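-4 is the number of the first residue of the sequence shown in my numbering; add one for each residue after it. We treat Cβ as the ideally placed atom computed from N, Cα and C, and that holds for glycine. Remember, it's a predicted structure, so these values are computed and weren't measured experimentally.
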Amino acid sequence: MRFDRLPQEIRTLMENFDHAGYELVVVGGAIRSFFIGEKPTDWDLSTSATPEEMLELSERWGIRTIPTGIRHGTLTWIVDGLHLEITTYRIEGSYEGYRRPLEMTFTKDLRQDLARRDFTMNAMAYDLHKGIIDPFGGREDFQRKILRAVGDPKIRLAEDALRSFRAIRFATRYGLVLDQRLEEALDSEGEKVRHLSGERIKQELDLILGLEDWKSGVSGLLKFRLLRDWIPVWSHLYEEKMIHQSLEISDPLARFASLMLVCDAEPEESDWALVRLRASWKERKRIRSLLVHDPRVKRPIETAYEARCLVRSLGLPLVEAWLELYSIWQGETEEAILIRQVAGDGSVVELKDLAIGGNELISMGVEPGKKLGELLMNCLDFVLQSPECNTKEKLQVQIKKWIG
């Protein structure tokens, strides 16, 4: 296979390494992208040069480098605006905490470096002169739509528990079937994910929820009980039910919320899971809002004012996600059309959008305190009913009526 779309900056760098007596090869996702005709978004490279030798080369060529992970052999090279991570070939020893290698040795042998990787499709490299280097049959596996581990899958998954999530993600992303031995290893070794941090679990879950066929990914996570200790309420999900009720959702946050709704989870159960997964406060707040404004309950909304109140309560950024959920249980109703209309016409305002503020009320004789806050909320409700009244003059007239 010819890498016709290999950026010239990378090609030149590979040639320069070669002239200096070192190998520099493309590895990882860029090769997968080429196989399926996609343009790579990230470029990972590996080299026979040690970190010290790379630093010497970069100084000689006048190229800036950043010691991103120099202890592990990784330097980021900045070449004509491209940030390229280049890592020295290495061998890894035993692991600790089902995540990190305890020992690591640099090597000049590319095959040894590829042998430490998780799956055969990730254990390939591209060399300018030799083309695809594929000692473990990754290309054939990928073309046959099979996900297979490099070596013993039980050892691979026990080394790094996150590989169980990666297996499900790769299989979902590329439409692959799990090799039988890998499937058996997932069944026996998957429980080790409980040793991982919530952040790492959430990163993988977010990636899976962002996939086109995300439902298959979640089904795989449930099948191998990978989320049992993190989102126990999802143990009640059934694939058929999930697929039926979560069919047309595009927003990843709404996808998460839909699964909580399908298994009748309370907002508190969702929040507990998100805290364990170290989700941000903003994410927790948004998902809680989607659940509290339960889209399974039909909304008797008949006026633009009622629609504006709902949109304000939800928050404008959440409206489309909520409407996706609402349409699953209610269909495309007249109230949904009205909600979408007011969300897009600029008529939904917050306190900060009012044409009048606290200082103006104080100048009108209102004492700072509870009364002032109540009047501002009354102004907000007044403007939600009559958006055209959001002017300083009209609000002053209305406030004078309220305070006599």
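Using the C-alpha atoms, what's the distance from residue j back to residue i?
{"i": "Trp276", "j": "Asp182", "result": "33 angstroms"}
{"i": "Glu178", "j": "Phe219", "result": "9 angstroms"}
{"i": "Asp246", "j": "Leu254", "result": "13 angstroms"}
{"i": "Ala44", "j": "Gly23", "result": "18 angstroms"}
{"i": "Phe29", "j": "Leu232", "result": "36 angstroms"}
{"i": "Ser41", "j": "Gly205", "result": "29 angstroms"}
{"i": "Leu123", "j": "Glu47", "result": "23 angstroms"}
{"i": "Arg335", "j": "Glu388", "result": "30 angstroms"}
{"i": "Leu97", "j": "Glu154", "result": "10 angstroms"}
{"i": "Thr69", "j": "Pro148", "result": "26 angstroms"}
{"i": "Ala338", "j": "Arg66", "result": "51 angstroms"}
{"i": "Glu383", "j": "Ile26", "result": "57 angstroms"}
{"i": "Gly341", "j": "Pro312", "result": "13 angstroms"}
{"i": "Ala252", "j": "Glu261", "result": "11 angstroms"}
{"i": "Leu52", "j": "Ile73", "result": "13 angstroms"}
{"i": "Ile196", "j": "Asp37", "result": "22 angstroms"}
{"i": "Arg281", "j": "Gln393", "result": "34 angstroms"}
{"i": "Asp259", "j": "Val287", "result": "12 angstroms"}
{"i": "Leu375", "j": "Trp267", "result": "33 angstroms"}
{"i": "Arg189", "j": "Asp39", "result": "29 angstroms"}
{"i": "Ala120", "j": "Gly126", "result": "8 angstroms"}
{"i": "Gly399", "j": "Ala299", "result": "29 angstroms"}
{"i": "Gly16", "j": "Leu50", "result": "15 angstroms"}
{"i": "Val213", "j": "Pro290", "result": "21 angstroms"}
{"i": "Lys395", "j": "Ser211", "result": "60 angstroms"}
{"i": "Trp397", "j": "Asn373", "result": "9 angstroms"}
{"i": "Arg283", "j": "Asp129", "result": "47 angstroms"}
{"i": "Glu54", "j": "Val21", "result": "22 angstroms"}
{"i": "Tyr169", "j": "Val378", "result": "50 angstroms"}
Which residue comes first and which comes last in the alpha helix (DSSP H) that contains residue i?
{"i": "Leu123", "result": "Taken as a continuous stretch (DSSP letters only), Leu123 belongs to no alpha helix (DSSP H), as it is neither H nor E."}
{"i": "Glu179", "result": "175 to 184"}
{"i": "Ser41", "result": "No alpha helix (DSSP H) contains Ser41, which is instead part of the beta strand (DSSP E) from 39 to 42."}
{"i": "Ile334", "result": "329 to 339"}
{"i": "Pro262", "result": "262 to 271"}
{"i": "Met99", "result": "Not the alpha helix (DSSP H): Met99 falls in the beta strand (DSSP E), residues 99 to 101."}
{"i": "Lys187", "result": "Where Lys187 is concerned, there is no enclosing alpha helix (DSSP H), given that its DSSP letter is neither H nor E."}
{"i": "Ala153", "result": "148 to 154"}
{"i": "Asp14", "result": "The sequence shown places His at residue 14, not Asp. Residues 3 to 14."}
{"i": "Ala110", "result": "105 to 110"}
{"i": "Gly212", "result": "209 to 218"}
{"i": "Met372", "result": "365 to 380"}
{"i": "Val257", "result": "247 to 257"}
{"i": "Leu290", "result": "Residue identity check: residue 290 is Pro in the sequence provided, not Leu. Unbroken run through Pro290: none, as it is neither H nor E."}
{"i": "Trp225", "result": "Segment: none, Trp225 is in no alpha helix (DSSP H) and carries neither H nor E."}
{"i": "Asn354", "result": "353 to 358"}
Since residue i contacts residue j with CB under 8 angstroms, what's their CB separation in whole angstroms?
{"i": "Arg158", "j": "Arg151", "result": "6 angstroms"}
{"i": "Asn385", "j": "Leu349", "result": "7 angstroms"}
{"i": "Arg161", "j": "Glu199", "result": "7 angstroms"}
{"i": "Phe131", "j": "Ala118", "result": "5 angstroms"}
{"i": "Leu1", "j": "Phe12", "result": "About 14 angstroms separates the two Cβ atoms, so there is no contact after all."}
{"i": "Arg111", "j": "Glu87", "result": "5 angstroms"}
List the endpoints of the continuous beta strand (DSSP E) containing residue i.
{"i": "Glu74", "result": "Going by the sequence as given, residue 74 is Val instead of Glu. Here the beta strand (DSSP E) through Val74 covers 69 to 74."}
{"i": "Arg85", "result": "85 to 87"}
{"i": "Gly64", "result": "59 to 64"}
{"i": "Leu19", "result": "19 to 22"}
So, are the CB atoms of residue i and residue j less than 8 angstroms apart?
{"i": "Arg303", "j": "Val343", "result": "yes"}
{"i": "Leu320", "j": "Ala249", "result": "yes"}
{"i": "Arg85", "j": "Phe114", "result": "no"}
{"i": "Ile351", "j": "Gln391", "result": "yes"}
{"i": "Asp75", "j": "Glu10", "result": "no"}
{"i": "Val306", "j": "Glu264", "result": "no"}
{"i": "Leu346", "j": "Trp317", "result": "no"}
{"i": "Leu109", "j": "Ile141", "result": "no"}
{"i": "Asp208", "j": "Thr167", "result": "yes"}
Cβ of residue i less than 8 angstroms from any chain B Cβ?
{"i": "Asp376", "result": "No chain B is part of this structure, which consists of one protein chain only."}
Quiz item: Quick one: any contact between the stretch 216 to 228 and the stretch 263 to 282, if contact means 3 or more CB pairs under 8 angstroms?
Solution: yes
Practice problem: Please determine if the stretch 321 to 331 and the stretch 357 to 376 are in contact, where contact requires at least 3 C-beta pairs separated by less than 8 angstroms. | Solution: Segments in contact, no.
Quiz item: Counting Cβ pairs closer than 8 angstroms, one from the stretch 27 to 36 and one from the stretch 60 to 76, do we hit at least three?
Solution: no
Quiz item: For the 8 angstroms Cβ check, are there 3 or more pairs between the stretch 129 to 136 and the stretch 70 to 89?
Solution: Put simply, the stretch 129 to 136 does not touch the stretch 70 to 89. Fewer than three CB pairs are less than 8 angstroms apart.
Quiz item: If you pair each beta-carbon of the stretch 320 to 328 with each one of the stretch 351 to 362, do three or more pairs fall below 8 angstroms?
Solution: Fewer than three pairs of CB atoms, one per stretch, sit closer than 8 angstroms, so the stretch 320 to 328 makes no contact with the stretch 351 to 362.
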